[in-house]
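What follows is a short report on a single structure.
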Amino acid sequence: MPQMIKNDKLPAEQSIYAARAAALAARKYGENPKACVVTFGCQQNVSDSERMKGMLVRSGYTLTENMSEAHFILFNTCAVREHAEDRVYGNIGTTKALKNANPEIIVAVCGCMAQRQSVADKIKRSYPYVDMVFGTQVQHRLPEFIYRRLSGGGRIFELSLDNGEIPEDVPIKRDGTFKGWLPVMYGCDNFCTYCIVPYVRGRERSREPERIIAEASDMIASGFKDITLLGQNVNSYGKGEPHGVDFAELLKRINALDGDFRIRFMTSHPKDCTKRLIDTIRDCEKVSSHLHLPFQSGSDRILKRMNRRYTRESYLELISYAKENIPDLSLTSDIIVGFPGETYEDFCETLSLVKEVEFSSLFTFIYSPREGTPAAAMEDPVSREEKGRWFSELLRVQEDIAKRNIVKHIGKTYRVLCDGFSQSEGFMTGHNSGTTEIEFEGSAEMLGKFVNVTVKKYDGALYGTVTE
Ligand code: 5AD
Ligand code: SF4
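Going by my numbering, the final residue of the sequence shown carries number 481, and the count climbs one at a time with no gaps.
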């Protein structure tokens, strides 16, 4: 229903800019202007980049992975840890030589890091060859920014946040052909004390269910078999919206669409993940048996300081419920080691939780102070070396668990999506409905298809054979 669609004026405006930008780019660069998009960070950024690639194509550019031949270079950045930011600065630095060789090319920086005022100021001061810096909530205005710069306007710094806009109706150039991302909400309201995300992505905003269903239907019609719904905290999807559709209901509606496909989602927050959601995963045959539920720390004292708003006990209760209800469940999580004030005793509680739950895999991070977050101002007496030792201990524990558990797959038969093919070895890689990766003999035309595979052995990887 058109009246439910937000921002219906913007796309028309942007498509005029795109057409004008295309004409200017052709005049300036000749027949075939090229654009290169370099993405750092999480899947949300990958998804944003797919939308910006779509807008670049609409603005007359052909995409290239080779930065040195590009006329437009875009860095979509991540601010979640310091290391990510350092890598971005290194990458931006390499464009200086390109720009010296051809001053007509445009260099742009966007995403979470660009949204930070201190970063934008630093780029303004110290990186004069960067033409434009724009934040996370104005990405759908990319055609306008390109037009402004190509038509002789000055450097662009657009960082406005929290105008509540959701980038609808933008063209999308997806990276994959059968595995894809589908954003359902943007922003985060949780303010975990270590995390920069709420400051750079703004308040939570959910897309209209009709928009999401329409995009899912499009993806299914064009052959997508594995669709991951994205949001910083998908469990708060729909909160405060008049449509009354929550995340569990959204999953049910996508599950009801015709077609042979799989639905995944990330990320869930333990404080909002309900038994109803777990029941929904169990009951919807197209929803994969995977739950990514970051617990960050096993110590209640640290969870409190992190402002996570759940306890070790409530987390473990949720996990038991999920394990009891979802057969062959893959459980994954994020953990931060060395949060300010964390002691070895606190860390041991993280270790014991890892041992108790036995996750399929873990994403582990050493705490990285982010300027402007409450945790960055907390006392942090433990040295980096000490945190590094704890981190290694955690990795060893998880490796042992993973080794012990992986052989449990031997003898089982799974429905697997063929998603990677090595021509030289004739080997296909596929994933089951959880996160288990299996290799088996196959051929390129099987890519993107579901097959049944029986796991035969483990030898550094799981190997299986296709069965009927
Ligand atoms: N330092 C280290 N890890 C962090 N994460 C978020 N902020 C920080 C930080 N300041 C981790 C959390 C989150 C994941 C995406 O990144 O574990 O779940
Ligand atoms: Fe960051 Fe916490 Fe929001 Fe996740 S839920 S994005 S860790 S503030």
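Heads up, the beta-carbon is just placed ideally off N, CA and C, and yes, glycines get one too. As the structure is a computational prediction, the values presented were derived from the model and not from experiment.
Return yes when at least one heavy atom of ligand 2 lies under 7 Å from the C-beta of residue i, else no.
i: Phe308; result: no
i: Gln57; result: no
On the three-state DSSP scale, how would you describe residue i?
i: Val151; result: coil
i: Asn246; result: coil
i: Tyr476; result: strand
i: Arg275; result: strand
i: Gly106; result: helix
i: Asn20; result: The predicted position of Asn20 is uncertain, since its pLDDT is 36 and thus under 50; a value taken from the coordinates is nonetheless stated next. Coil at Asn20, not helix or strand.
i: Met14; result: Reliability fails at Met14, whose pLDDT of 31 lies under 50, so the model's placement of it is uncertain and no value is given.
i: Cys49; result: strand
i: Arg289; result: helix
i: Gln309; result: strand
i: Arg40; result: helix
i: Tyr471; result: strand
i: Tyr334; result: helix
i: Ser230; result: helix
i: Thr363; result: helix
i: Lys9; result: For residue 9 there is no data in the structure shown, the boundaries of the chain being 14 and 481.
i: Leu342; result: coil
i: Asp347; result: strand
i: Glu171; result: strand
i: Tyr380; result: coil
i: Pro222; result: helix
i: Asp239; result: strand
i: Leu69; result: helix
i: Asn58; result: helix
i: Val122; result: strand
i: Leu270; result: coil
i: Tyr199; result: strand
i: Val210; result: helix
i: Val146; result: strand
i: Ser373; result: coil
i: Phe158; result: helix
i: Asn320; result: coil
i: Phe85; result: strand
i: Lys186; result: coil
Return the residue from the list the options that minimises the CA-CA distance to residue i.
i: Gly236; options: Leu172, Arg187 and Val101; result: Arg187
i: Asn115; options: Ile86, His96 and Thr90; result: Ile86
i: Glu156; options: Pro222, Lys288, Phe360 and Ile119; result: Looking at the sequence itself, residue 156 is Pro, so the reference to Glu does not match. Of Pro222, Lys288, Phe360 and Ile119, the residue nearest in Cα terms is Ile119.
i: Leu364; options: Glu384, Thr356 and Glu406; result: Glu406
i: Ile507; options: Asn176, Lys470 and Glu262; result: The chain is shown from 14 up to 481; residue 507 falls before or after that span and cannot be answered.
i: Asn58; options: Gln245, Asn268, Gln309 and Ile332; result: Gln245
i: Val370; options: Val395, Phe404, Arg325 and Tyr357; result: Arg325
i: Val258; options: Tyr334, Asp341 and Pro222; result: Pro222
i: Phe147; options: Gly461, Leu195, Asp61 and Ala457; result: Asp61
i: Phe376; options: Thr345, Gly351 and Gly401; result: Thr345
i: Asp175; options: Val420, Gln309, Arg33 and Val151; result: Val151
i: Gly354; options: Leu366, Ile339, Lys299 and Ser312; result: Ser312
i: Ser139; options: Gly103, Ser173, Leu163 and Ser164; result: Gly103
i: Arg428; options: Gln436, Thr442, Ala415 and Arg417; result: Thr442
i: Gly447; options: Ala97, Gln411, Asp393 and Val300; result: Val300
i: Pro387; options: His282, Tyr334, Ser230 and Thr206; result: Thr206
i: Glu419; options: Lys288, Asp341, Arg94 and Leu460; result: According to the sequence displayed, residue 419 carries Ile and not Glu. Ranking the options by Cα distance to Ile419, first place goes to Asp341.
i: Ala38; options: Arg71, Pro24 and Thr52; result: Arg71
i: Glu337; options: Glu412, Thr356, Ser302 and Arg321; result: Ser302
i: Val143; options: Arg154, Gly106 and Ser131; result: Gly106
i: Asn203; options: Ser249, Ile240 and Glu44; result: Ser249
i: Ile414; options: Gly253, Ala92, Ser396 and Ser373; result: Ser373
i: Leu430; options: Ile169, Glu458, Ile332 and Cys297; result: Glu458
For ligand 1, I want to know if residue i counts as a neighbour, meaning its beta carbon is within less than 7 Å of at least one of the ligand's heavy atoms.
i: Asp347; result: yes
i: Phe372; result: no
i: Val143; result: no
i: Val420; result: no
i: Phe260; result: no
i: Arg266; result: no
i: Tyr380; result: yes
i: Arg383; result: yes
i: Leu93; result: First, the residue type needs correcting, since residue 93 is Val and not Leu in the sequence shown. Under cutoff, so the answer is yes.
Taking only heavy atoms of ligand 3 into account, decide whether any of them is closer than 7 Å to the Cβ of residue i.
i: Val132; result: This structure lacks ligand 3; the ligands present are ligand 1 and ligand 2.
Beta strand (DSSP E) runs wholly inside the stretch 424 to 469, at least 3 long, in chain order | Whole beta strand (DSSP E) segments, 3+ residues: 426 to 435, 440 to 444 and 450 to 454.
- Query: Which ranges does the beta strand (DSSP E) cover as unbroken runs of at least 3 residues, wholly within the stretch 396 to 428, from first to last along the chain?
  - Reply: Within the stretch 396 to 428, no complete beta strand (DSSP E) run reaches 3 residues.
Would you list the residues whose beta-carbon is nearer than 6 Å to any heavy atom of ligand 2, in the order they occur in the chain?
Here the residues come out as Cys201, Asn203, Phe204, Cys205, Cys208, Val210, Pro211, Gln245, Asn246 and His282.
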